[in-house]
Amino acid sequence: MVAIKFLCTLLIIATAALVTIVDAFDPQLMLKLVNNERKKAGVPELTLDSKLTKAAQKQTDFMVSTDNLTHDNPAGSLGKRIQDAGYKFSNVGENIAKGFGTNEEVRVMDVWMKSSGHRANILNKAFTNLGVGFGGGKYWTQDFGRRSRSTRKSKRNVTKPARLIEN
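Taken in order, the sequence shown gives residues -24 to -1, 1 to 143; the numbers are from mature numbering (1 follows the signal peptide of the UniProt record, and there is no 0).
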């Protein structure tokens, strides 16, 4: 009986570890890949931002739950979703992709760089921060932003979403 309980416990732990591995990705690697492209273009590097990452992951989780590649979300527009994550911005943009698995940061970046709209977001000089999300073994989100310097209401720029990429 003790052996059976032990085996069941091991099975639960192994399953949890496998689920974690399936949705594992390296935000620092994605940041490095983005910054490598920006450096080639003579554009200042971005920094990883936890609030943008929270927004990007929430969008990814929504796409996973609906199994739908979309910028649309009942939680609101891109600007509202970014604000709700606590990021006060003057500029934001978003890239999404579907069909690229775990540890395929290099591959999804390559495809984004070959798409004019996605490339424009990655190389946009107005952006200073990046947030990234991955889930479902195939959905990716990059949220880009520049923090607002003012506490007063000002014009906020939301970059038109790039055309969707499905692999």
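Every residue gets a Cβ at the ideal spot worked out from N, C-alpha and C, and that includes glycine.
So, using beta-carbon positions, are residue i and residue j closer together than 8 Å?
i, j, result
"ILE58", "PHE65", "yes"
"LEU99", "LEU7", "no"
"GLY75", "LYS114", "yes"
"GLY109", "GLN33", "yes"
"LEU22", "PHE103", "yes"
"GLY69", "PHE120", "yes"
Buried or exposed for residue i, going by 16 or more other Cβ atoms inside 10 Å?
i, result
"GLN118", "buried"
"THR36", "buried"
"LYS101", "exposed"
"ARG125", "exposed"
"ASN12", "exposed"
"ASN79", "exposed"
"LYS27", "buried"
Enumerate in chain order the residues of its own chain whose CB-to-CB distance from residue i is below 6 Å, with the five nearest sequence positions on each side excluded.
i, result
"LYS30", "ALA61"
Among the residues of its own chain, which have a CB less than 8 Å from the CB of residue i, if the five just before and after it don't count?
i, result
"GLY112", "ASP(-2), THR36, MET39, VAL40 and ASP43"
"GLY52", "ASP60"
"LEU24", "PRO3, GLN4, LEU7, ASN105, LEU106, GLY107 and VAL108"
"ARG123", "TYR63, LYS64, PHE65, SER66, THR104 and ASN105"
Less than 7 Å between C-beta atoms, sequence neighbours within five positions excluded: which residues of the same chain meet that for residue i?
i, result
"GLU81", "PHE1, ASP2, LEU5, MET6 and LEU9"
Okay, do the segment 44 to 57 and the segment 79 to 91 touch, 3+ Cβ pairs below 8 Å being the bar? When C-beta atoms of the segment 44 to 57 are compared with those of the segment 79 to 91, fewer than three pairs fall below 8 Å, so the two segments do not count as touching.
Quick check for students: name the residue ranges of the beta strand (DSSP E) that lie wholly in the segment 59 to 92, counting only runs of 3 or more. 65 to 74
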